[in-house]
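Chains as they are written, first to last, in numbering that gives the first Met the number 0: chain G, 0 to 81; chain D, 0 to 399.
A quick write-up on the structure given underneath.
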Amino acid sequence: MSTTVTKEQVEERIREALIEFGAEPDQISRDAEFEQLDVDSLDLVELAQISEDEWGVQVKGEDMEGIRTVGQAVDLVAERMS
Amino acid sequence: MTRTPVITGIGAVTPLGVGARTLHERWTAGASGIEDGVAACTEFEPTDHLSTKEVRRSDRFTQLALAAAGEALDDAGWDEPPYDRDRIGSVIGTGIGGIGTLEKQHLTLQEQGAERVSPLAIPLLMANAAAGVLAMRHGLEGQSFGTVSACAASSHSIGMSARLIAYGDADAVVTGGSESTLTPLATAAFRRMEATSPSGISRPFDRRRDGFVMGEGAGILVLEEESKARERGARILGYVRGYGATSDAHHLTAPEPHGHGAARAIELALADARFEPEEVLYVNAHGTSTPLNDRSETEALKAALGEQQAHAVPVSSTKSTIGHLLGAAGAVEAIATLLALRDRVAPPTLNYEEPDEGLDLDYVPDGARPLPNGDSPAIGITNSFGFGGHNAVLCLEAAS
């Protein structure tokens, strides 16, 4: 499954999730920091859950600890998929 | 120095619509918020009041509380908290809390497994969620907690909030209650215990009453210490003059048949207010439309007010128009009582047609009726009794 999913698709799904969480769509970019998007630790746990649902990627809460930007989250998920 | 709690703002979301005044005006006009045996807040749209994030981060019972609080704070003229933030509390009652979230997450657990349960489940369903989220939203840094005493929960919250102000622990408290239990499990469970009405009609004190109609909603009041409120030029709507609370210590669900505990709570509320029974112009009854409550409450009123005054004072039930809002009932009914006293009108007990033996008070059966006008202060009491044997009574006075 993971071989058919591109990084762009991961980014798009994460973007969708962030909008569901309440982030402003026009503020979401790879460089956007979660803090600026008002995305907090509870949202990141949910993001990890989505990653597992969608792509079977195991991401624990502690893996998210150093993650500050959207791009870092996309890269982490993409890395775990490969 | 005496510290008197005054009411400076009110807000409500009820089956009669959004708004405290909407509740009062529609009830007084004889409208009903009950449809097909259920009293839902059909006019409430969470996104009209809350951001996308706030909606995601809250169970419906918290959403209802936040919307009612928004109205109450606007009503009190608070753009920003007018006192030191750590002198302002948030005390919100609920019977059950976020049972809608609990039911949905339990279904997820069973159908999809433990890994799919939402990390938001606990913070949404906890019974103190409304109090905590309200404090966060408005930056209230004083005491905040939930009160949990079934259908007496928000009378306890208002009573305790008045005490926080009187004792000096707070200069203001945003208080009241919220409930949202129109869910499959709660509906089935109330039905199985034969608490809810098979006919789907709320007719308190009527001979044919057969149980309560489930409702949802929220009522929020802003209480402030009187001298501070006057100093900032606040408009004062009324006063929490007295609070009395007791326990039946009798049965898990049934009231003590003679209403001894309820009567004692009424007496304590009047004593706390330093009012005589004869000064009470209006009684907002708990009046659930269950066979047991309406009988024991009638006895309690006779015992506490005396036979003569109990027969003289108009007694009506808000539950005849919006059903039973459980943990929100006390606060919503306190608001209804305050506005009734302000307008000197007794709103009616809807659907009351056939008297029952021994239930012989003036239940205001035929439409709203004027209360005595004149120089006497507009004083009323509002009763709340909960499963578990909890009795809480508030004595309110509308500002003249």
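C-beta atoms are modelled at their ideal positions from N, C-alpha and C, and glycine is treated no differently.
Just so it is clear, the structure is predicted and the values come from calculations on it, not from any experiment.
Could you give the first and the last residue of the continuous alpha helix (DSSP H) run that contains Asn415 (chain D)? Since the displayed chain D opens at 0 and closes at 399, residue 415 (chain D) lies outside it and no answer follows.
Short Cβ contact (9 Å threshold) for Gly430 (chain D) with Thr146 (chain D): The structure shown has nothing for residue 430 (chain D), since chain D only spans 0 to 399.
Exposed or buried, Asn283 (chain D), counting other C-beta atoms within 10 Å across all chains shown (16 or more means buried)? Position 284 of the second sequence, counting from 1, holds the residue named residue 283 (chain D). The C-beta of Asn283 (chain D) has 16 or more other C-beta atoms within 10 Å across all chains shown, which makes the residue buried.
Classify Gly65 (chain G) as helix, strand or coil using the three-state DSSP reduction. Within the first sequence, residue 65 (chain G) is the residue found at index 66, counting from 1. Coil at Gly65 (chain G), not helix or strand.
Limits of the alpha helix (DSSP H) - the one that Ser154 (chain D) falls within: For the purposes of this step, residue 154 (chain D) is taken as residue 155 along the second sequence, with counting starting at 1. Run containing Ser154 (chain D): 152 to 166, per the alpha helix (DSSP H) assignment.
Any chain D beta carbon closer than 9 Å to Glu51 (chain G): Within the first sequence, numbered from 1, the residue matching residue 51 (chain G) stands at position 52. At least one chain D Cβ lies under 9 Å of Glu51 (chain G).
How long is the line joining the alpha carbons of Gly388 (chain D) and Glu225 (chain D), rounded to whole angstroms? Start at 1 with the first residue of the second sequence, and residue 388 (chain D) comes out as number 389. Start at 1 with the first residue of the second sequence, and residue 225 (chain D) comes out as number 226. For Gly388 (chain D) and Glu225 (chain D), the distance between alpha carbons rounds to 33 Å.
Can Leu94 (chain D) and Ala28 (chain D) be called in contact, C-beta distance under 9 Å? For this step, residue 94 (chain D) is matched to residue 95 along the second sequence. For this step, residue 28 (chain D) is matched to residue 29 along the second sequence. According to the sequence displayed, residue 94 (chain D) carries Gly and not Leu. For Gly94 (chain D) and Ala28 (chain D), no; Cβs fall outside 9 Å.
So what's Glu60 (chain D) in DSSP terms, helix, strand or just coil? Position 61 of the second sequence, counting from 1, holds the residue named residue 60 (chain D). Looking at the sequence shown, residue 60 (chain D) is not Glu but Phe. In the displayed model, Phe60 (chain D) falls within a helix according to three-state DSSP.
Taking DSSP as the reference, what is the three-state secondary structure of Arg207 (chain D)? Along the second sequence, one-based indexing puts residue 207 (chain D) at 208. Coil.
At a Cβ threshold of 9 Å, is Lys52 (chain D) touching chain G? Walking along the second sequence from the start, residue 52 (chain D) turns up at place 53. Yes, its Cβ sits closer than 9 Å to a Cβ of chain G.
If the cut is a Cβ gap below 9 Å, which residues of chain D does Leu41 (chain G) touch? Within the first sequence, the letter at position 42 stands for residue 41 (chain G). Here the neighbours are Arg56, Pro118, Leu119, Pro122.
In chain G, which residues lie less than 8 Å from Glu225 (chain D) when you measure between Cβ atoms? The count along the second sequence starts at 1 and reaches residue 225 (chain D) at position 226. Here the premise fails: no neighbours, minimum Cβ distance about 38 Å.
With a cut-off of 9 Å, does the C-beta of Val56 (chain G) fall near any C-beta of chain D? Locating residue 56 (chain G) in the first sequence gives position 57, where the first residue counts as 1. No, no contact with chain D.
Which of helix, strand or coil does DSSP assign to Thr336 (chain D)? To locate residue 336 (chain D), count along the second sequence from 1; it is residue 337. Helix at Thr336 (chain D).
Residue range of the unbroken beta strand (DSSP E) whose run includes Leu393 (chain D): Residue mapping note: residue 393 (chain D) aligns to position 394 of the second sequence, counting from 1. Counting along the chain, the beta strand (DSSP E) containing Leu393 (chain D) begins and ends at 389 to 397.
Of all the options D:Ala113, D:Arg368, D:Gly8, which has the alpha carbon lying nearest to the alpha carbon of Leu280 (chain D)? Locating residue 280 (chain D) in the second sequence gives position 281, counting from the first residue. Measuring from the Cα of Leu280 (chain D), the nearest candidate turns out to be D:Arg368.
Could you name the residues of the same chain whose beta carbon sits closer than 6 Å to that of Val221 (chain D), not counting the 5 residues immediately before and after it, in chain order? Stepping through the second sequence from its first residue, residue 221 (chain D) is reached at position 222. Excluding residues within five positions, the ones whose Cβ falls inside 6 Å are Thr7, Gly8, Ala71, Ala75, Val173.
Any Cβ of chain D within less than 9 Å of the Cβ of Gln33 (chain G)? Locating residue 33 (chain G) in the first sequence gives position 34, where the first residue counts as 1. This sequence places Phe at residue 33 (chain G); Gln is not what is there. Chain D contact via Cβ: absent.
Would you tell me roughly how many angstroms separate the C-alpha atoms of Asp58 (chain D) and Asn372 (chain D), rounded to the nearest one? Walking along the second sequence from the start, residue 58 (chain D) turns up at place 59. Walking along the second sequence from the start, residue 372 (chain D) turns up at place 373. So the two alpha carbons sit approximately 43 Å from each other.
Classify Thr13 (chain D) as helix, strand or coil using the three-state DSSP reduction. Along the second sequence, one-based indexing puts residue 13 (chain D) at 14. Note: Thr13 (chain D) maps to strand in three-state DSSP.
Touching by the beta-carbon criterion (3+ pairs, under 8 Å), the region 10 to 24 of chain D and the region 209 to 219 of chain D: Yes: the two stretches touch, three or more of their Cβ pairs being nearer than 8 Å.
Run through the DSSP bridge pairs and tell me what Thr1 (chain D) is partnered with. On the second sequence, residue 1 (chain D) is found 2 positions in, with the first residue counted as 1. Beta-bridge pairing links Thr1 (chain D) to no other residue.
So Glu114 (chain D) contacts chain G; which residues on that side make the cut at Cβ distance below 8 Å? Position 115 of the second sequence, counted from the start, is the residue given in the question as residue 114 (chain D). Under the 8 Å cutoff, chain G gives Gln48, Glu51.
On the criterion of 16 or more Cβ atoms from any shown chain inside 10 Å, does Gly55 (chain G) qualify as buried, or is it exposed? Your numbering for residue 55 (chain G) matches position 56 in the first sequence. Looking at its Cβ environment, which holds fewer than 16 other Cβ atoms inside 10 Å, Gly55 (chain G) is exposed.
Excluding the 5 residues preceding and the 5 following Arg84 (chain D) in the sequence, name in chain order all residues of the same chain whose CB lies nearer than 7 Å to its CB. Position 85 of the second sequence, counting from 1, holds the residue named residue 84 (chain D). Only Gly138, Leu139, Glu140 meet the Cβ criterion.
Candidates D:Ala152, D:Phe211, D:Gly167: closest to Met0 (chain D) by CA position: Taking the second sequence and counting its residues from 1, one reaches residue 0 (chain D) at position 1. Ranking D:Ala152, D:Phe211, D:Gly167 by Cα distance to Met0 (chain D) puts D:Gly167 first.
Please state the DSSP three-state secondary structure of Glu224 (chain D). Within the second sequence, numbered from 1, the residue matching residue 224 (chain D) stands at position 225. Three-state result, Glu224 (chain D): strand.
Ignoring anything shorter than 4 residues or poking outside the region 39 to 118 of chain D, list the alpha helix (DSSP H) runs there in chain order. Taking only runs of at least 4 residues, the alpha helix (DSSP H) segments lying wholly in the region 39 to 118 of chain D are 45 to 48, 51 to 55, 59 to 74, 98 to 111.
Verify whether the separation of the beta carbon atoms of Thr320 (chain D) and Leu349 (chain D) is less than 9 Å. Position 321 of the second sequence, counted from the start, is the residue given in the question as residue 320 (chain D). Position 350 of the second sequence, counted from the start, is the residue given in the question as residue 349 (chain D). Here Thr320 (chain D) is near Leu349 (chain D), since their CB atoms are less than 9 Å apart.
Would you verify that the beta carbon of Asp37 (chain G) is, or is not, closer than 9 Å to some beta carbon of chain D? Residue mapping note: residue 37 (chain G) aligns to position 38 of the first sequence, counting from 1. Interface residue, yes.
Quick one: Cα of Val73 (chain G) to Cα of Gly60 (chain G), how far? Here residue 73 (chain G) is taken as the residue at index 74 of the first sequence, counted from 1. Here residue 60 (chain G) is taken as the residue at index 61 of the first sequence, counted from 1. Going from the Cα of Val73 (chain G) to the Cα of Gly60 (chain G) covers about 15 Å.
Would you say the region 375 to 391 of chain D touches the region 257 to 275 of chain D, given that touching needs at least three Cβ pairs under 8 Å? At 8 Å Cβ cutoff, the stretches touch.
Return the residue from the list D:Lys227, D:Ala327, D:Leu63, D:Leu267 that minimises the CA-CA distance to Thr317 (chain D). Residue 317 (chain D) sits at position 318 when you count from the first residue of the second sequence. Closest in C-alpha terms to Thr317 (chain D), from the list D:Lys227, D:Ala327, D:Leu63, D:Leu267, comes D:Ala327.
Within the same chain, show all residues whose beta-carbon is closer than 7 Å to that of Phe20 (chain G), passing over the 5 residues directly before and after it, in chain order. As a working mapping, residue 20 (chain G) is identified with position 21 in the first sequence. The beta carbon of Phe20 (chain G) is closer than 7 Å to those of Val38, Asp42 in its chain, skipping five residues each way along the sequence.
Paired residues, beta bridge with Asn283 (chain D) - DSSP: Looking up residue 283 (chain D) in the second sequence gives position 284. Note: Asn283 (chain D) sits in a beta bridge opposite D:Ser315, D:Thr381.
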